[in-house]
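In the numbering used here, the protein residues as written are 3 to 170.
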Amino acid sequence: MEALETIMTRRSVRDFRSDPVSEADLQTLLKAGMQAPSAKNERPWHFIVIDDPDVLHKIPDFHRNAQMLKYAPMAILVCSDRKLESKRATWIQDCSAATENILLAAMDGVGGVWLGVFPDAVRVKGLQELLIMPADIRPVSLIAVGHPALTPEPTNRFDPTRIHKNRW
Ligand SMILES: Cc1cc2nc3c(=O)[nH]c(=O)nc-3n(C[C@H](O)[C@H](O)[C@H](O)COP(=O)(O)O)c2cc1C
3 MEALETIMTR RSVRDFRSDP VSEADLQTLL KAGMQAPSAK NERPWHFIVI DDPDVLHKIP
63 DFHRNAQMLK YAPMAILVCS DRKLESKRAT WIQDCSAATE NILLAAMDGV GGVWLGVFPD
123 AVRVKGLQEL LIMPADIRPV SLIAVGHPAL TPEPTNRFDP TRIHKNRW
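Here's what the structure looks like:
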């Protein structure tokens with residue numbers, strides 16, 4: 003799929019088939035995430051792949067907008083490592099870029115939805131405890147991944163009133 007077509011047709015997938023994501027597809031998603039731009043090329047990210055149903059099913063207990071994890075075969079948690087972060091708070095942007103790269107790569111055969119984690123303290127703590135994460139690692143965003151059972155139609159969001167030229 004061409005890059006622009008991928009961007010323009012991407013939608014969040016929240017209804018998944020139960021069949022697993024192949025190891026090849028998972029590797030493609032992780033490579034896409036790590037290919038993202040980051041400030042000073044610091045790449046402060048780590049990725050936790052969650053495919054144990056017992057773990058996935060516990061997440062909606064503290065993340066009420068993540069109910070689809072009761073049915074999704076997999077999720078990827080994008081985290082930032084404090085030891086790799088610069089003094090400036092660019093880690094959120096770095097991890098967000100990685101998250102979007104994964105979502106776009108998922109258009110090639112699977113589907114996914116971005117589930118916000120940081121800065122919601124309950125979600126951050128819930129994931130840190132559930133996934134036994136070291137204190138230096140902060141969860142930023144979670145991506146539910148799987149083969150779509152239902153994909154929303156592409157939608158046009160172009161809004162010329164949001165464009166400003168040379169000044170506000
Ligand atoms: C920072 C962020 C947090 C989000 N959190 C959630 C979430 O917790 N649950 C969910 O179902 N969708 C979540 N979404 C997905 C948005 O609802 C979705 O992207 C938006 O409605 C636009 O729809 P589309 O992705 O199909 O184009 C999140 C998206 C972003 C960027």
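Virtual Cβ for every residue (Gly too), placed ideally from N, Cα, C.
Proximity of residue i and residue j at Cβ, strictly below 8 Å
i, j, result
"M70", "R16", "yes"
"S82", "W47", "yes"
"S143", "V119", "yes"
"L132", "V57", "yes"
"V147", "G114", "yes"
"A38", "I145", "no"
"R140", "R84", "yes"
"P2", "F18", "With the chain represented from 3 up to 170, any question about residue 2 goes unanswered, as that position is not in the structure."
"H149", "D21", "yes"
Residue i burial status per 10 Å Cβ neighbour count (16 or more: buried)
i, result
"A107", "buried"
"D63", "exposed"
"T101", "buried"
"D27", "buried"
"N103", "buried"
"A137", "exposed"
"W170", "exposed"
"L6", "exposed"
Among the options, the one whose alpha carbon lies nearest that of residue i
i, options, result
"E87", "D96, V80 and L79", "D96"
"A91", "Q37, A41, I139 and D53", "A41"
"I9", "M109, I134 and P141", "M109"
"L79", "H166, R66, K85 and I61", "I61"
"R45", "P162, D21, R164 and M36", "M36"
"R125", "W170, Y73 and A68", "A68"
"W93", "G128, K33 and N43", "N43"
"V51", "Y73, V23 and K72", "V23"
Residue i: first and last residue of the uninterrupted beta strand (DSSP E) it sits in
i, result
"M76", "M76 to D83"
"I139", "I139 to G148"
"L117", "G113 to G118"
Residue i - partner residues in DSSP beta bridges
i, result
"W170", "Per DSSP, none; premise fails for W170."
"I52", "A77"
"D17", "L152"
Residue range of the alpha helix (DSSP H) that includes residue i
i, result
"A99", "W93 to A108"
"G35", "E25 to M36"
"T8", "A5 to T11"
"K127", "A123 to L132"
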